[in-house]
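*Asks:* Using the working numbering, the letters of the sequence shown map in sequence onto residues 587 to 703. By construction, the Cβ of each residue, glycine as well, lies at the ideal position given by its N, Cα and C atoms. Model, not experiment: these values are computed from the prediction.
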Amino acid sequence: MENEKTIATQTAPLTSAAAIAALAALAQESRLAVFRLLVQAGPEGMAATKIAEALAIAPSSLSFHLKELAHANLVTASKAGRSIIYAANYAGMNGLLAFLTENCCAGAPCCVSEPTN
């Protein structure tokens with residue numbers, strides 16, 4: 587858990603092990619819901635109590651899920667008085683997306699477009 591108010595920056599490309607850890611952390615319904623909620627909350631994040639209320643997750647269970655997301659570099663935590671504020675780590679998220687798409691379109695500018703209906 588990081589005790590900083592700024593969102594961590596990702597300076598090095600993700601390793602396969604780090605990408606697997608991030609994907610494994612997101613491969614659980616409650617953790618995915620927490621991460622999506624924090625992405626929606628923006629850089630200011632949310633207190634753990636507000637996350638628990640919004641998603642109807644028991645505090646003890648939420649603590650476990652937040653720890654897993656933090657270890658996967660997908661969320662950050664900072665102290666605000668007596669509360670801990672959790673926020674999506676956008677640099678970690680973007681690092682994962684970059685890892686997943688680094689060989690897209692054989693190295694050419696992205697050729698994938700939105701499907702048309």
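Name, in chain order, the residues that DSSP records as bridge partners for Ser664.
*Replies:* Ile671
*Asks:* Could you compute how far the alpha carbon of Ala663 sits from the alpha carbon of Cys691?
*Replies:* 36 Å
*Asks:* In the structure shown, what three-state DSSP assignment does Ala633 receive?
*Replies:* It is a strand residue.
*Asks:* Under DSSP, the alpha helix (DSSP H) around Leu600 begins and ends at which residues?
*Replies:* Taken as a continuous stretch (DSSP letters only), Leu600 belongs to no alpha helix (DSSP H), as it is neither H nor E.
*Asks:* Let me know the secondary structure DSSP gives Gly678 once reduced to three states.
*Replies:* helix
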